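Participant: The structure follows.
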Amino acid sequence: MDRLSVPTSRPLTRLIEALNRMPGIGPKMAQRLAYYLLRASAEEAQTLAEAIVAVKEEAVLCAICQNTADTSPCTLCQDPTRDRSLICVVEEPLDVLALERSGAFKGLYHVLHGCISPIDGVGPEDLKVRELLARIHDGEVQEVIMATNPNLEGEATSMYVQRLLSPLGVKVSRLARGLPFGGDVEYADEVTLSRALQDRHSL
Amino acid sequence: MLGGTRLGEADRLVTLYTQRRGKVRAVVRGALRPRSRLGGHIQPLSHCQLMLTESKGLDVVTGCQIIGPLFPMREDLVHHARGFYLMELIDCFCPEGLENPALFSLLVDTLEHLCLGEGGERVLRRFEVRLLDITGFRPELHCCLGCQQALEPVTNYLSPSAGGLLCRACAPEQSPVHSVSVNTVKVLRLLREADMETVNRLNLAPDLAAELEAALRSYIQYVLERSIKSGVWLERLRREFGPNGALGGPQNGR
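For the protein sequence lines, the chains are B and W, in the order given.
Note that numbering that gives the first Met the number 0 has the first sequence beginning at 0, numbered continuously upward.
Note that numbering that gives the first Met the number 0 has the second sequence beginning at 0, numbered continuously upward.
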């Protein structure tokens, strides 16, 4: 008998197992969530169930930027006020939300849905790189900003995309690396400090 | 650091290769937060002094100081790929908690030379040969493992299952085998003993370098019983951008 199924009823066990499969949710957390839902009102459980079904049935990938959206093309890609000569390339849809919250970027996005990770066997063919190249070939784009995560896999992805795009005559830049606002120079790591010095600008 | 995965909201579970304790897994609390004091230090391809605190089952990283910054590894796509390759090899060959100071020194030495842009692929071949030696998979390169006779200076055969070279007469009895020229055998013997300066001076013809790489790759794959994914990535970069483009200029050539 499965250790998760020992003290619980069958529907509860099923729910615990389903929750346990989600990223970041271990057995204990799955049990807590399942028992919370058991105690919650029928309306709350129904709302959650409908939301889960809806996200699978109604959410689509935008054919242009590959972001998760209600319609294809998404509202960002249809927005006439956005600068179509600028594309910001991000790893995940959540990165689009983070950049939009900043309010500092007025161009379009492209979501790769991951990053190159040779050790995990994730290559460019597993990402939306081909779709990005197709957008560049349309000729409207003048600059691509790589906003991949500042780690080894993110850097590898940026450099690979840069190698593919450079022959096409498009400017490829990447987000600056430096000290976070409110951070402490004393505790900054050497890589961040050296990048901050490289990318310094006059006051 | 050999690799890592996200743990919870902002923590990372990292695999480290250490001088005193070999391969260990540890948690870096809050590593994914922008203001994390540890997240920037603990990145793959960095040589650090770490402070680990034993916790329930898993160690927790509580302090970190970079010893040897390996910045150039992050500045070039092929350096990246080579670094990934080294990390994957170490991860595959080393069980958790088994210290191996010789292998640690070899890894640090190899990474530092790759950072200097010296040796290129030859440094990887030296690493592979020395890795097999240190971990106990040293291939026999002087006499035939079938008939025990000294090898003639002709094309011989590397048999991963036999654990080294076979002569022409004994090779058909073993499978699979990889034909290796006299020069490849000479280079394999040299790499076993050679220091980095000697490796830097080596000038390998493309055919010889390819044969050497293929022979070592098949041997390592047999030992590990799996393919090296980052090796496939390195080959892909060479195929897509050409040997010179991928190798980033003459200083990084074979």
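Just so it is clear, CB atoms sit at the ideal spot from N, CA and C, and this is done for glycine as well.
Small disclaimer: the values here were computed from a predicted structure and weren't measured.
Going along chain B, which residues have a C-beta under 8 angstroms from W/H79?
Facilitator: L151, E154, A155, M158
Participant: In the DSSP assignment, what residue or residues form a beta bridge with B/T70?
Facilitator: DSSP lists no partner for B/T70.
Participant: Which same chain residues, not among the five before or five after B/Q30, have their C-beta less than 6 angstroms away from its C-beta?
Facilitator: I15
Participant: Out of curiosity, what's the CA-to-CA distance linking W/Q250 and B/V54?
Facilitator: In this prediction, W/Q250 has a pLDDT of 37, which is less than 50 and means its spatial position is unreliable; what the coordinates show is noted afterwards. Going from the Cα of W/Q250 to the Cα of B/V54 covers about 52 angstroms.
Participant: Distance cutoff 8 angstroms, beta carbons only. Does W/G116 sit that close to anything in chain B?
Facilitator: no
Participant: Using a Cβ-Cβ cutoff of less than 8 angstroms, which residues in the same chain neighbour B/R134 once the five nearest sequence positions on both sides are dropped?
Facilitator: I63, I86, H109, V140
Participant: Identify the contact partners of B/G182 in chain W, using a Cβ-Cβ distance below 7 angstroms as the criterion.
Facilitator: R34
Participant: Strictly under 8 angstroms for the Cβ-Cβ distance: is W/D235 near chain B by that measure?
Facilitator: According to the sequence displayed, residue 235 of chain W carries Arg and not Asp. True, the Cβ-Cβ gap to chain B drops below 8 angstroms.
Participant: Taking just the CA atoms, how far does B/A68 sit from B/T80?
Facilitator: 19 angstroms
Participant: On the DSSP letters alone, give me the boundaries of the alpha helix (DSSP H) that W/C114 sits inside.
Facilitator: 100–114
Participant: Which chain B residues sit within Cβ distance under 8 angstroms of W/M86?
Facilitator: Here the neighbours are I118.
Participant: Using three-state DSSP, classify W/Q148 as helix, strand or coil.
Facilitator: coil
Participant: Pick out whichever of W/R11, W/I41, W/R81 has its Cα sitting closest to the Cα of W/L57.
Facilitator: W/R11
Participant: Can you check whether the CB of B/E189 is closer than 8 angstroms to the CB of W/I65?
Facilitator: yes
Participant: Taking the alpha carbon of W/A193 as the point to measure from, which residue in W/S35, W/V231, W/L105 has its own alpha carbon closest?
Facilitator: W/L105
Participant: Give a yes or no on whether the C-beta atoms belonging to W/N99 and W/G2 are separated by under 8 angstroms.
Facilitator: no
Participant: Any beta carbon from chain W within less than 8 angstroms of B/A62's own beta carbon?
Facilitator: Residue-level contact check: B/A62 does not touch chain W, since none of the beta carbons of chain W fall below 8 angstroms from its beta carbon.
Participant: I'd like to confirm the pairing. Which residues does DSSP put opposite B/H109 in its beta bridges?
Facilitator: B/V88
Participant: Helix, strand or coil for W/G3 per DSSP?
Facilitator: In the structure shown, W/G3 sits in a strand (DSSP, three-state: E or B).
Participant: Identify the contact partners of B/V191 in chain W, using a Cβ-Cβ distance below 7 angstroms as the criterion.
Facilitator: Per the sequence shown, the amino acid found at residue 191 of chain B is Thr instead of Val. Simply G39.
Participant: Quick test of the definition: if touching needs 3 or more C-beta pairs under 8 angstroms, does the region 151–166 of chain W touch the region 211–230 of chain W?
Facilitator: yes
Participant: I'd like to know if the region 116–131 of chain B and the region 228–242 of chain W are in contact, where contact means that at least 3 CB-CB pairs between them fall below 8 angstroms.
Facilitator: yes
Participant: Measure from the alpha carbon of B/S193 to the alpha carbon of each residue in B/P10, B/Q161, B/L202, B/L178, then state which is nearest.
Facilitator: Nearest C-alpha to B/S193: B/L178.
Participant: Taking only the alpha-carbon atoms, compute the straight-line gap between W/L76 and W/V27 and give it to the nearest angstrom.
Facilitator: 27 angstroms
Participant: For the alpha helix (DSSP H) that B/Q161 lies in, which residues bound it at each end?
Facilitator: Under the DSSP assignment, B/Q161 falls in the alpha helix (DSSP H) whose first and last residues are 151–164.
Participant: For W/I260 versus W/V60, is the C-beta distance shorter than 8 angstroms?
Facilitator: Within the shown structure, residues of chain W are numbered from 0 to 253, placing residue 260 of chain W beyond reach of any answer.
Participant: Is the beta carbon of W/R124 less than 8 angstroms from the beta carbon of W/L190?
Facilitator: yes
Participant: W/R73 touches chain B at which residues, Cβ-Cβ below 8 angstroms?
Facilitator: L151, E154, V190
Participant: Could you spell out where the beta strand (DSSP E) holding B/V190 opens and where it closes?
Facilitator: First-last for B/V190: 189–197, but that is the alpha helix (DSSP H), not the beta strand (DSSP E).
Participant: Excluding the five sequence neighbours on either side, which residues of its own chain have a C-beta within less than 7 angstroms of the C-beta of B/S157, listed in chain order?
Facilitator: M145, T147, R173
Participant: Give me whichever residues DSSP pairs with W/C169 in a beta bridge.
Facilitator: According to DSSP, which records beta bridges pairwise, W/C169 is partnered with nothing at all.
Participant: Could you tell me how far apart the beta carbons of W/A30 and W/G38 are, in whole angstroms, since I believe they sit closer than 8 angstroms?
Facilitator: 4 angstroms
Participant: If you drop the 5 nearest sequence neighbours on each side, which residues of the same chain put their C-beta closer than 6 angstroms to that of W/A101?
Facilitator: The residues are I133.
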